[in-house]
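To convert, take the position in the sequence shown, counting from 1, and add 125; that gives my numbering.
Using N, Cα and C, we set each Cβ at its ideal position, and we do this for glycine too.
All values derive from a computational prediction rather than experimental measurement.
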Amino acid sequence: MLVYIHGGGFSAGDGSEPRHDGAALARQGLVVVTVNYRLGVFGFLAHPELSRESKYGGSGNYGLLDQIAALQWVRDNIAGFGGDPTRVTVAGPSAGSESVSGLLASPLASRLLSGAILSSGALVTPANTVPRPLAASEGFGAEFLSAANSDLKALRRMPAAALLELSTAFTVTRRARFPLVLDGHVFPHAPEDAFARGLQAKVPLLLGWNSREQDERAVLGRDPATPEAFERAVLRLFPSHAETIRGLYHAGTAEETRLAARDLATDRFMGFPMWKLADLHVRTSGQPVYRYVFDHARPRPPGAAVYAAAPGASHGEEIEYAMGTLASVPGIEWSDADQSVVRLMTDAFASFAKTGKPNVGLSWAPTTLREWPVLYVGAPARVVQDPHRLRYATLDSIWFRPPPP
């Protein structure tokens, strides 16, 4: 069976969106459960007073506790719906995938699942949603109450719509979200440290990301796609490692610069955290890890104004293919190639949930320390040895923080 956790940056989204409909996967013999969880201020407000009230001396992460409660409910009740409580695969895109990585790392959830599918999201450096220390998270919450000229007692009396409006104004002004928290309860350790130490759930993983998680503008800004602009951007982003980074992303012509900036943006946002999670799990879990890169760009509605970005699949574009819900996207004429990708993704998800192996009719082996096969999802699909492993290993030496002794 499959438990599906929606994305939305821990501040938006819901499990009942048409694109998350589990009917197509259910037709492949799965029992599919989509869940909701508290978001934004309702799900992730930490505050010293809330921490003093709790039995474990921490606060925040209420949205993750909702997800854990959903998994407990599934364990206790899913047999009545035809599901097997001993074979629960948890899946999600974006923040849903980040949630799954957190559940794998949390001792509260690790015994509630038997497999995991992660699509474009991992709570691993340098992702911007890595859980923050409790004191810093409580400080952010205290700043919110101060900006709202309020206290916890008043907030608890406030209508939910008013609290949402206040919190939205605050996070927009601060350009920050209510963070996930190293609360000592859901997260006794940072997720990346839990994986490095082998404290995570020892289950098979199917994980991947999209080929254009962010486009070149995330690196170049408004500058033109020239080698000189890329060099300036690299120096700004990596002042201590600029020469090394330039050696990883070739930017000789304008087109090469666009691709180099796209790849660097994708790696910073999603590619490297996902690669690192896979690498850690391979090293410490003893369980198979299957990797993919989704490289099938979704067609645009007729007449849509589209920025001429570098090619590839953008963040979130895999969702409707993986869930078999192309019809939920209006105004697009889907091709036979699109339907072929749907069959590939739904087959991979369904077979992995049933058996722990994504059977898609290709020779797709799990990753090892010596072999890094990756499925490039497109029409046609192909399995290759990871062409960028050296790049990620070099980024690893720059970004990853080893766990304390």
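Output yes or no for whether 8 angstroms exceeds the beta carbon distance between residue i and residue j.
| i | j | result |
| --- | --- | --- |
| R416 | G333 | yes |
| A216 | F474 | yes |
| G188 | L259 | no |
| H172 | A267 | yes |
| A376 | A385 | yes |
| L237 | R200 | yes |
| P427 | P491 | no |
| F169 | F303 | yes |
| E338 | M395 | yes |
| Q510 | S410 | no |
Tell me which residues share the same chain as residue i and place their Cβ nearer than 8 angstroms to its Cβ, disregarding the 5 neighbours each side in the sequence.
| i | result |
| --- | --- |
| P251 | R393, F397, P398, W524 |
| P529 | Residue confidence is low: P529 scores 49 on pLDDT, short of 50, so the model does not pin down where it sits. Its coordinate-derived value is still stated next. Contacts found: D318. |
| S141 | T159, N161 |
| V255 | L248, V249, L305, A315, P316, E317 |
| L164 | G133, F135, S136, A137, G138, G188 |
Rounding to the nearest angstrom, what Cα-Cα distance links residue i and residue j in this structure?
| i | j | result |
| --- | --- | --- |
| H145 | E353 | 43 angstroms |
| G133 | R495 | 35 angstroms |
| A315 | L307 | 7 angstroms |
| S518 | W400 | It is worth fixing the name first, because residue 518 is Ala in this sequence and not Ser. Roughly 9 angstroms between the two C-alpha positions. |
| S136 | Y162 | 10 angstroms |
| L175 | R516 | 43 angstroms |
| R322 | A452 | 43 angstroms |
| F206 | V156 | 8 angstroms |
| I370 | D340 | 18 angstroms |
| V485 | T493 | 20 angstroms |
| F312 | G264 | 18 angstroms |
| D521 | S365 | 15 angstroms |
| K479 | A261 | 41 angstroms |
For the alpha helix (DSSP H) that residue i lies in, which residues bound it at each end?
| i | result |
| --- | --- |
| R322 | No alpha helix (DSSP H) holds R322; DSSP gives it neither H nor E. |
| R408 | 397-410 |
| F474 | 461-480 |
| W198 | 187-202 |
| A447 | 444-448 |
| W524 | 514-524 |
| P173 | 173-178 |
| T369 | 367-373 |
So, under 8 angstroms CB-CB, residue i and residue j are touching, yes? Tell me the CB distance rounded to an integer number of Å.
| i | j | result |
| --- | --- | --- |
| S245 | S222 | 6 angstroms |
| A438 | N335 | 4 angstroms |
| V328 | A241 | 6 angstroms |
| V502 | V466 | 6 angstroms |
| S219 | H440 | 7 angstroms |
| F477 | T211 | With 8 angstroms as the limit, F477 and T211 do not qualify as a contact, their Cβ atoms being about 16 angstroms apart. |
Here's a check: name, in chain order, each residue in its chain whose Cβ is nearer than 7 angstroms to the Cβ of residue i, leaving out the five neighbours to either side.
| i | result |
| --- | --- |
| A234 | I193, L196, L228 |
| Y374 | A385, D388, L389 |
Determine the extent of the beta strand (DSSP E) in which residue i is found, giving its start and end residues.
| i | result |
| --- | --- |
| G240 | 240-244 |
| F419 | 414-419 |
| A386 | Unbroken run through A386 is the alpha helix (DSSP H), 379-391; no beta strand (DSSP E). |
| A267 | From DSSP, A267 is part of no beta strand (DSSP E) but of the alpha helix (DSSP H) over 259-272. |
| R507 | 507-510 |
| A216 | 214-218 |
So with Cβ pairs under 8 angstroms, would you call residue i a contact of chain D?
| i | result |
| --- | --- |
| S271 | Of the chains in the structure shown, none is chain D; there is only one protein chain. |
Identify, in the order they occur along the chain, each residue of the same chain with its Cβ nearer than 6 angstroms to the Cβ of residue i, setting aside the five sequence neighbours on each side.
| i | result |
| --- | --- |
| Q153 | A475 |
| A247 | S226, P398, M399, L402 |
| M470 | Y446, A447 |
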